[in-house]
Amino acid sequence: MAQPNLESFKRRGLALALRASASVPIVPTASADGVLLFNGSSGTEFDKIERPVDRSFLTGQPFAVGAKRAFIEGEFELFPPTKPGAAADSDAVCAPLLLPAGMTAVKDAVAKTTRYNPISANIPISDAKFWHAGTVKQIGAARHNLTNLALAVGERFKGNIRIQGDYDTIAEDNLPNITTTAVVPTVARADNTRTTITVDGGAGLVVWAKSLSVDVGNTITSKEYTSHKESGISDRAPTWTLRLAKTALADFNPWAVRDSAGVLEVGLRLTEKSKLYSELGIRGQIENINEVEIDGDYGWELTGPCVASDAGGDELYIEFGDSTPP
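Heads up: the sequence shown at position 85 corresponds to 109 in this note's numbering, and the numbers run straight through without jumps.
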């Protein structure tokens, strides 16, 4: 049998599109739906249905294959759209990754902001194609999970994505030319970032932070019924981590906030030279306080759950805006 030519394992690409209707699949194309992913990987899983047959000898158990699913994982970058909040050009390039993870876009034309907040119902669905290692995985009716969404000094705003859905077969296919964004996001530095914390709705305090990160914590469940199957988000338990330089306890005492079960709000903003900005924010409680060394100095690493108010949907957010004066 003739063997194929040897090809580099590092060559790979992703195309992903959102369904306009949940029941109508869409076929993403490399030219129109390319997604810039870093260190992408993929795999397949299935429900293993064993038959523990009683035998007169010891051996492994035979099994049948139940519901099949495939996943794509990788890192992606976040940066502002050209016109946050406007009628056009106001969707972030990363929106197709955020929305099936249980996020929705809220736009304000006057404030010039596009904000992505969590939702718990009517979550969008994506279809995706991932070319790698000489094959293509076509994943249908997918939902997403976001981990390590992080704004950190010395880094670009980035996060990790898991795309999970159904698949039928794995096919051989050549990697096409995939069209993605040419934008190179701004690196967070001391002169373009600002971190503000608020306790129980009080006055904001500017602190010296190193990073703020969030794990959205979606549980993606493959659901199968007669004549119907889908991938759904059955639960969400987001958590946050803030690394900052120690403050005077008179200004901010994390132990006092934790012991009083206080609500902490944190926002870390990165503003570009164009005055467009990206902001990652949380509303939550402090669960763990670790005294750590940060660049040789006193530091705190605070962690805890993101907790929504009674209104819901405000436990975390990603906001893109334009701070240019009207």
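We put the beta carbon where it would ideally sit given N, CA and C, even for glycine.
- For a cut-off of 8 Å, the C-beta gap from F33 to I96 is around 16 Å, too long to register as a contact.
- For G189, the pairing in a beta bridge is given by DSSP as A94.
- Within 10 angstroms of the beta-carbon of K72 lie fewer than 16 other beta-carbons, which makes it exposed.
- Taking C-beta separations shorter than 6 Å and ignoring five residues to either side along the sequence, the partners of L300 in its chain run P104, D346, following chain order.
- With contacts defined by Cβ atoms closer than 8 Å, K182 and S66 do not form a contacting pair.
- Here G308 is not near G291, since their CB atoms are 8 Å or more apart.
- Relative to the Cα of T263, the nearest Cα in the group T138, T295, L326 belongs to L326.
- Per DSSP, the continuous alpha helix (DSSP H) segment holding V281 begins and ends at 278-283.
- For the 8 Å CB-CB criterion, I185 and L170 form a contact.
- Only exposed fits D224, as fewer than 16 other CB atoms lie within 10 angstroms of its CB.
- For A129, the enclosing beta strand (DSSP E) covers residues 127-132.
- Spatial neighbours of N314 in its own chain (CB-CB distance under 6 Å, excluding positions within 5 residues in sequence) are listed in chain order as E325.
- Nearest in C-alpha terms to D113, of all of T138, D283, D151, is T138.
- Contact between the stretch 231-240 and the stretch 200-219 is established, with three or more Cβ pairs separated by less than 8 Å.
- Looking at the DSSP output, S144 shares a beta bridge with no other residue.
- In the DSSP annotation of this structure, P120 is not part of any beta strand (DSSP E); the continuous alpha helix (DSSP H) holding it starts and ends at 119-122.
- Just measuring C-alpha positions, the residue of L273, L60, P76 sitting nearest A39 is L60.
- Rounded to the nearest whole angstrom, the CA to CA distance from K107 to P209 is 16 Å.
- Using a Cβ distance threshold of 8 Å, R36 and H156 count as a contacting pair.
- Following the DSSP letters along the chain, one finds E303 inside the beta strand (DSSP E) bounded by residues 300-308.
- By the beta-carbon neighbour count (other beta carbons within 10 angstroms, threshold 16), L268 is buried.
- Here S302 is buried, its C-beta having at least 16 other C-beta atoms within 10 Å.
- Comparing C-alpha distances from R180 to each of V89, A212, P200 shows the shortest one belongs to A212.
- Looking at the backbone, the Cα of I163 and that of S237 are separated by about 28 Å.
- Cβ-Cβ separation between A174 and I149: approximately 26 Å, too far for a contact (criterion under 8 Å).
- In terms of Cα proximity to K247, the closest of R93, T83, N146 is R93.
- The alpha-carbon of A88 is positioned some 29 Å away from that of V48.
- For I202, there is no enclosing beta strand (DSSP E), as DSSP gives it neither H nor E.
- For I342, the beta-bridge partners assigned by DSSP are Y140, L304.
- Apart from the 5 residues on each side of it in sequence, G320 has no Cβ closer than 8 Å to any other Cβ in its chain.
- Residues R167, T245, K247 of the same chain have their beta carbon placed closer than 7 Å to that of G256, with the five preceding and five following residues left out of the count.
- The C-alpha of T265 is placed about 9 Å away from the C-alpha of N312.
- Residue nearest to T193 within the set D334, G337, F70 is F70 (criterion: CA-CA distance).
- Note that the C-beta distance between K270 and Y322 is below 8 Å.
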